[in-house]
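Residue numbers (the numbering used here): 159 to 349. Glycine included, every Cβ here is placed at the ideal spot set by N, Cα and C. This report concerns only the one structure given below.
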Amino acid sequence: MNQNQIHSQNWSQESYIKAYQFAAIAHQDQTIPGSELPYIIHLSFVSMELIAALSLEKVTDGNLAIQCAVLHDTIEDTDTNFEKIKAEFGEAVAKGVLALTKDNSLAKHLQMADSLRRIKQQPPEIWMVKLADRISNLQAPPHYWSQEKIIKYREEAIEIYEALKDASPFLAARLASKIENYKAYIQSDDI
Ligand SMILES: [Mn+2]
Numbered sequence: 159m160n161q162n163q164i165h166s167q168n169w170s171q172e173s174y175i176k177a178y179q180f181a182a183i184a185h186q187d188q189t190i191p192g193s194e195l196p197y198i199i200h201l202s203f204v205s206m207e208l209i210a211a212l213s214l215e216k217v218t219d220g221n222l223a224i225q226c227a228v229l230h231d232t233i234e235d236t237d238t239n240f241e242k243i244k245a246e247f248g249e250a251v252a253k254g255v256l257a258l259t260k261d262n263s264l265a266k267h268l269q270m271a272d273s274l275r276r277i278k279q280q281p282p283e284i285w286m287v288k289l290a291d292r293i294s295n296l297q298a299p300p301h302y303w304s305q306e307k308i309i310k311y312r313e314e315a316i317e318i319y320e321a322l323k324d325a326s327p328f329l330a331a332r333l334a335s336k337i338e339n340y341k342a343y344i345q346s347d348d349i
């Protein structure tokens, strides 16, 4: 046994499958912005980042991490609500997903700080989902994004990194590298 296998898996494939089937139905007919690809690809990427982290870093509740990764956009982007997730997956998962949901009643420029504040009141598993979400979202931006929006998105990623990096050295390092590489999408006289 090497140092990368010092703990056993503490999440189950069944928990993942149950959440994935729920999310696939909830996000049915949605696509990745700027593409024709089904939205659940994003959920696969986010949960893949979590699974990679969980193979190296011990967390208390692996199923909480995995299920919140798969379900993290359901309240924000689908008809699903807190009560429905609570009934299917329990209160901890529902609270995690709710913390990962932007409050649209707030002005747009206040939403990220508010969400990060609520995520920080949750267990580290939820912090990890937000890190993984932004890692996955720092791929090539949609073609219709302005330079201003791209710069703002990168600054927001730095804000997420600074707020949540302590939850996972592995995901924090992944995000730091994505933030660095994202400079390629910004015209050099803008930074
Ligand atoms: Mn997301």
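Where residue i falls: helix, strand or coil (DSSP)
| i | result |
| --- | --- |
| T238 | coil |
| A334 | helix |
| T259 | coil |
| Y311 | helix |
| Y302 | coil |
| K278 | helix |
| H267 | helix |
| K216 | coil |
| L296 | coil |
| M159 | Note that M159 scores a pLDDT of 47, beneath 50, so its modelled location is shaky and nothing firm can be said. |
| I344 | coil |
| Q167 | coil |
| S202 | helix |
| S155 | Nothing can be reported for residue 155: it is not among the residues displayed for the chain, which extend from 159 to 349. |
| D231 | coil |
Whole-number beta carbon distance between residue j and residue i, since they are thought to touch under 8 Å
| i | j | result |
| --- | --- | --- |
| V228 | Y197 | Contact doesn't hold; Cβ gap of about 12 Å is too wide. |
| L222 | A250 | 6 Å |
| V151 | A290 | Residue 151 lies beyond the residue range present for the chain, which begins at 159 and ends at 349; the question has no answer from this structure. |
| A325 | P282 | 4 Å |
| T236 | H185 | 6 Å |
| A315 | I337 | 5 Å |
| L274 | A321 | 5 Å |
Candidates the options, of which the one nearest residue i by Cα
| i | options | result |
| --- | --- | --- |
| K350 | I183, L201, V255 | Given that the chain is displayed from residue 159 to residue 349, the structure contains no residue 350 and the question cannot be resolved. |
| I344 | R312, S170, A181 | R312 |
| G248 | D237, E306, D219 | D219 |
| L296 | I318, R275, P282 | I318 |
| E234 | A210, P327, A257, S346 | A257 |
| F328 | L208, L268, F240, N339 | L208 |
| H301 | S273, K323, S193 | S193 |
| A342 | A330, I309, L322 | I309 |
| E215 | L195, A330, S304 | A330 |
Cβ-based burial, residue i [other Cβ within 10 Å; buried from 16]
| i | result |
| --- | --- |
| S166 | exposed |
| Q225 | buried |
| Q279 | exposed |
| S170 | exposed |
| I293 | buried |
| R332 | buried |
| A298 | exposed |
| I175 | exposed |
| A181 | buried |
| D231 | buried |
| L201 | buried |
| T238 | buried |
| P277 | The question names Pro, yet the displayed sequence has Ile at residue 277. Flag for I277 reads buried. |
Beta bridge counterpart(s) of residue i as assigned by DSSP
| i | result |
| --- | --- |
| P196 | T189 |
I need the residues with a C-beta less than 5 Å from some heavy atom of ligand 2; please give them in chain order. This structure lacks ligand 2; its bound ligands are ligand 1.
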